[in-house]
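Residue numbers (our numbering): 1268 to 1457. Every residue gets a Cβ at the ideal spot worked out from N, C-alpha and C, and that includes glycine.
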C-alpha cells in the first residue's frame, strides 16, 4: 500500500527592526502529524534549526534580508516560506557646546546624523543638574553653579531607532577682581 502524508504549510511573521536589536520570527506553520525540524536561514549567512519553530536573530549590518523557513515533517514532507526583513540603521547622536562663565547660557547644537529615509524625530536632553529634560533640537541652558556637567542627548528616529551620547559642558566661575587702593586697602569685586 502507498502511504500519503500531509505536508505542512510553512508560514511565519516578523517585522522590521533597528540595528543591534533582535528580530523575532514567530512560526505560524500549520501543524501536521509527525512535525520535525524548522530550519531558518536569516539571509546573512546565519542559520538555525529548532523543533519549536520560533526564532530570534540580531543582524550586524543594516539592509534588507530575505529570511527563509523550511518546515519539515519526520516523513520528509516539507514546505518553504520566505519574507524580506529590513534592518534599519541607528542614528548617530552628536552635539556641540562651549564653555561659558557662570550666569551665561550654553547653546547646545545638535549635530546628530540620521539615515536616509528615517529622519530623527525626537531629541531628549538631560543637562545633569536636576533641571527638567527638554525635547528641543538645539536648546540653550543656564546653570546656577559652576562646574562640569555630563550632558546626555538621546535621539530617536521616526522608525524608533535610537542612539545617545554624553559630553561634558563646563561652566567656569566668575573671576574675582582685586583692587588695591592708594591707602593700602584691598577691595574684592566678583
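Who are the Cβ neighbours of residue 1316 in its own chain at under 8 Å, not counting the five residues just before and after it? 1304, 1305, 1306, 1307
CA-CA distance, residue 1432 and residue 1407? 17 Å
Which residues does DSSP pair with residue 1330 in a beta bridge? 1354
For residue 1339, list the residues DSSP reports as bridge partners. 1345
Own chain residues within Cβ distance below 6 Å of residue 1289, not counting five before or after: 1323, 1325
Taking all protein chains shown into account, do 16 or more other C-beta atoms lie within 10 angstroms of the C-beta of residue 1416, making it buried, or fewer, making it exposed? By the beta-carbon neighbour count (other beta carbons within 10 angstroms, threshold 16), residue 1416 is buried.
Tell me the DSSP secondary structure of residue 1279 in three-state form. strand
Looking at the strands, I want to know which residues DSSP matches up with residue 1436. 1416
Would DSSP call residue 1303 helix, strand or coil? strand
With a cut-off of 8 Å on the beta carbons, I'd call residue 1291 and residue 1281 a contact; round off their distance for me. 7 Å
Rounded to the nearest angstrom, what separates residue 1312 and residue 1337 at their Cα positions? 15 Å
Answer yes or no: do residue 1428 and residue 1377 have a C-beta to C-beta separation smaller than 8 Å? no
Locate the beta strand (DSSP E) running through residue 1289, then write down its first and last residues. 1289-1294
Would you report the Cα separation of residue 1430 and residue 1293, rounded to the nearest angstrom? 27 Å
Suppose you measure from the CA of residue 1342 to the CA of residue 1279; what does that come to, to the nearest Å? 22 Å
Among 1434, 1423, 1401, nearest to residue 1286 - alpha-carbon criterion: Selected option, being the one with the closest Cα: 1423.
Would you kindly work out how many angstroms separate the C-alpha atoms of residue 1359 and residue 1381, rounded to a whole number? 6 Å
To the nearest angstrom, how far is the alpha carbon of residue 1339 from that of residue 1346? 7 Å
Starting from residue 1322, follow its DSSP beta bridges and name the residues at the other end. 1292
Does the Cβ-Cβ distance between residue 1328 and residue 1351 come in under 8 Å? no
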